[in-house]
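Note that this note's numbering has the sequence shown beginning at 219, numbered continuously upward.
Contents: one structure, followed by commentary.
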Amino acid sequence: AEYKIAVLVGSLRKGSHNQALAHALEKLAAGKAVFSYVEIGDLPLYNQDFDKDYPSQGVRLKQQIRDADAVLFVTPEYNRSVPGVLKNAIDLGSRPYGDSAFAGKPAAVIGASIGVIGTALAQQHLRNILAYLDMPVLGQPEAFLHFKEGLIDAHGTISNEGTKDFLQGFVDTFIAWVGTHGGTH
Ligand code: FNR
């Protein structure tokens with residue numbers, strides 16, 4: 219059976235390279251995993267008052283994470299870290315204290331940037347957060363994509379064979395690894 223992977227994309231913009239990367243990975247995972255895209259653009263800014271009466275978007279987010287076998291984070295780098303929208307989604311999914319949707323879920327991180335370090339620093343920050351949330355995170359391969367115009371189109375078609383092979387390896391390794399870290403299918 220196919221694994222169900224919840225996908226959080228850290229960019230809300232139309233024409234996002236990271237959104238394109240997520241679609242490319244979805245295609246490469248066809249037949250082995252199904253992607254469920256998690257809406258993070260309509261989430262309220264987390265406020266600890268929520269813990270008494272959680273907002274419906276937060277409840278929905280947590281359910282979507284819980285329904286998945288694993289979580290894939292596909293994120294740009296903003297000012298050498300993860301974008302605030304992604305951090306907000308993570309904060310919402312992790313609360314109230316003791317009721318985090320993320321605990322124990324296998325995860326992987328990947329990202330694309332127009333800069334040469336390809337989100338390396340954002341991914342390092344993200345790994346730190348995920349370690350605290352007690353998520354086992356795929357160690358290798360690391361994937362820092364230096365995005366050049368035309369590399370991946372909006373439908374997730376990859377124009378470069380080397381990039382395609384590399385991303386296929388990433389996807390296959392992640393899916394195999396999910397099976398050894400609590401994936402249920
Ligand atoms: C950026 N960008 C960027 N790139 C990078 O490699 N390192 C960085 O620290 C930053 N910082 C940063 C901050 C802010 C506020 C913006 C808007 C952009 C550039 C970034 O890589 C580029 O905008 C990507 O296209 C963003 O990803 P999406 O939206 O295409 O998925």
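C-beta: ideal position from N, C-alpha, C; glycine also.
In this text the structure is predicted, and so the values were computed from the model without any measurement.
**Message:** Please report the straight-line C-alpha distance between phenylalanine 384 and leucine 356, rounded to a whole angstrom.
**Reply:** If you draw a straight line from the Cα of phenylalanine 384 to the Cα of leucine 356, it comes to about 15 Å.
**Prompt:** Is the beta carbon of tyrosine 350 within less than 8 Å of some heavy atom of the ligand FNR?
**Reply:** For the ligand FNR, not one heavy atom lies less than 8 Å from the Cβ of tyrosine 350.
**For glycine 333, the three-state DSSP class (helix, strand or coil)** = Coil.
**Asked** Hey, how far is the Cα of glutamate 257 from the Cα of leucine 226?
**Response** Separation of glutamate 257 and leucine 226 (C-alpha to C-alpha, rounded to the nearest whole angstrom) is 8 Å.
**Message:** Quick check on isoleucine 283: does DSSP put it in helix, strand or coil?
**Reply:** Of the three classes helix, strand and coil, the one that applies to isoleucine 283 here is helix, per DSSP.
**Asked** Between which two residues does the beta strand (DSSP E) containing lysine 270 stretch?
**Response** Lysine 270 -> no beta strand (DSSP E), and no H or E assigned at all.
**Request:** Pick helix, strand or coil for alanine 247, following the three-state DSSP scheme.
**Result:** Here DSSP, grouped into helix, strand and coil, assigns alanine 247 to coil.
**Request:** In the DSSP assignment, find the unbroken beta strand (DSSP E) run with lysine 222 in it and report its ends.
**Result:** Boundaries of the beta strand (DSSP E) harbouring lysine 222: 221-227, taken from the DSSP string.
**Asked** If you count every other CB in all the chains shown that lies within 10 Å of the CB of aspartate 287, and 16 or more means buried, which is it?
**Response** Answer is buried; the Cβ neighbour count reaches 16.
**Request:** Could you tell me the boundaries of the beta strand (DSSP E) in which leucine 339 lies?
**Result:** Here leucine 339 belongs to no beta strand (DSSP E); instead the alpha helix (DSSP H) covers 338-350.
**Request:** Decide if lysine 232 is buried, meaning its Cβ has at least 16 other Cβ atoms within 10 Å, or exposed.
**Result:** Lysine 232 should be labelled exposed.
**Request:** Mind reading off the beta-carbon distance from leucine 243 to leucine 310? Whole number of angstroms is fine, and I expect it under 8 Å.
**Result:** The pair is not a contact, with the Cβ atoms about 24 Å apart (cut-off 8 Å).
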